[in-house]
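Everything below concerns the one structure shown next.
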Amino acid sequence: MKAFSGRVRVGRRTKELVKRLRPGDMALLNHRDLDRVAAQALLRIPVKAVLNAQPSISGRYPASGTDLLLERGIPVVDGLGEGLLDLLRDGDWVTVDEEGRVWQQGKLLAQGRWVTRELLAEERHRYQARFQEEFTAFLQNTLSYARKEKDVLLRDIPFPPPRVPLAGRPCLVVVRGLDVPEDLQMLAPFIRYEKPVLLAVDGGADALLEQGYRPDIIVGDMDSVSDEALRKARQIIVHAYPDGRAPGWARVEALGLSADRVAMPGTSEDLGLLYAYQMGARLLVLVGSHSSFVDFMEKDRPGMASTLITRLKVGHLLVDAKGVHQLYRAPGPGRTLWAAVVAAALLPLALLAGASPLFRGLLAPLYFKLRFWLGL
């Protein structure tokens, strides 16, 4: 492995650290089992290297964030120990040598390990051996908490009235998750024609802003959403613990913004879905969802009781669009010609659609089907 040097930025919470990182920085994390969402955020900057106080993959589950970094040529050194986070400050210049040691001005600060594809393969083998044990514990935790939380989640929750009309409208719920920008780009025609209520869960609001959309409603504990997004939202709902404590409330107050507070068990994603459902949305389209064993292990959650109950309650209205961009292929040689022919044939209809809202509504389903068939 080749030694490298650079300026480091330090953070114990990855989603807060990425807000301070600049292109070419070395990121010093404290992130056990680095997930793909965090890795994608680091790549968008992009960072020069990743130093991790924790094991980037521990064998508990198939965390795949490190694979993504290595595929893009980003070196990863982990297992450096939490003590390193106290020794370094943002902007410090450090060197990482061929043995995975971190140096500053000739002083050895920490010893880690280079993460290689061979190491990842070994950890995955360990995961396969432990899968049944880990999954069984996860399932038991889920079922145990489902029994405790069902009475709260299955009845109507005392929600505040919506400041954006939801009844009878589609609602797009956006969570900070995997491949959200790509999925939102694919859903652009749906957003344009159906004009859904845009409900963001925490950092999902910034994903909407990046694609040029203003969030109507933001729900969550407000730990990963930007001040800009909060100021642009038409309604803010702070997720509180069942006992009423709401860590995000102070932040909203400090910004001088009005907000509502909702105390309930479960995730903020559950809160967003249940709110739109109970307020009468006719369709729920979800992007960036967390609904699997791996999803919840990446969030360091030992179970998914509230999500199981929420999905059972709202499932008849729910379209989970996570990964929808993967359904479309690049157009082949023959399809490019067909695209031109179809475009010419539809030109008169497009002109009518521009003049008449009725025609726009009738042509929208046809547009989606043609786009899927042509691979556009």
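The numbering used here puts the first residue of the sequence shown at 1151, with every later residue one more than the last.
Ideal Cβ placement from N, Cα and C applies to all residues, glycine included.
Nothing here was measured: the structure is a model prediction, and the numbers come from that model.
query                                                                                                           : result
Ile1224 in three-state terms, based on DSSP                                                                     : coil
Segment limits, beta strand (DSSP E) that includes Thr1245                                                      : Trp1243 to Val1246
Best match in Met1151, Arg1395 and Arg1461 for proximity to Trp1264 [C-alpha to C-alpha]                        : Met1151
Residues bridged to Ser1155 [DSSP beta-bridge criterion]                                                        : Thr1245
Rounded separation between Asp1306 and Arg1411 - CA only                                                        : 16 Å
Same chain, Cβ closer than 8 Å to Val1227, neighbours up to 5 away in sequence not counted                      : Ala1199, Val1200, Leu1201, Asn1202, Val1246, Gly1250, Val1252, Gly1262, Arg1263, Trp1264 and Val1265
For Leu1230 and Ser1214, the rounded distance between their alpha carbons                                       : 20 Å
Any 3 or more C-beta pairs closer than 8 Å across the segment 1424-1439 and the segment 1327-1341               : yes
Touch test, the segment 1381-1392 against the segment 1268-1288, Cβ-Cβ under 8 Å, three pairs minimum           : no
Sequence-distant residues of the same chain with beta carbon closer than 6 Å to Gln1254, five excluded per side : Val1244
Which of helix, strand or coil DSSP assigns to Gln1204                                                          : coil
His1532 (DSSP reduced to helix, strand or coil)                                                                 : The chain is shown only over 1151 to 1526; residue 1532 falls outside these bounds and no answer can be derived.
C-beta contact flag for Pro1339 and Pro1320 at 8 Å                                                              : no
Rounded C-alpha distance that separates Leu1477 from Asp1470                                                    : 13 Å
Residue burial classification, Pro1483 (beta-carbon count within 10 angstroms, cutoff 16)                       : Because the pLDDT of Pro1483 is 49, which lies under 50, any placement of that residue in the model is unreliable, and the number read from its coordinates should be weighed accordingly. Looking at its Cβ environment, which holds fewer than 16 other Cβ atoms inside 10 Å, Pro1483 is exposed.
Distance, Asp1371 Cα to Ile1207 Cα                                                                              : 27 Å
Residue environment, Leu1293, which counts as buried when at least 16 other CB atoms sit within 10 Å            : exposed
Residue closest to Ile1341, alpha-carbon to alpha-carbon, out of Leu1322, Ala1350, Asp1356 and Gly1354          : Leu1322
Any non-hydrogen atom of the ligand GTP within 7 Å of Leu1293 CB                                                : Of the ligands one can find in the structure shown there are none, so the ligand GTP has no counterpart to examine.
Beta-carbon proximity of Arg1186 to Leu1328, cut-off 8 Å                                                        : yes
Expected contact under 8 Å - CB spacing of Gly1430 and Ala1317 to nearest Å                                     : 3 Å
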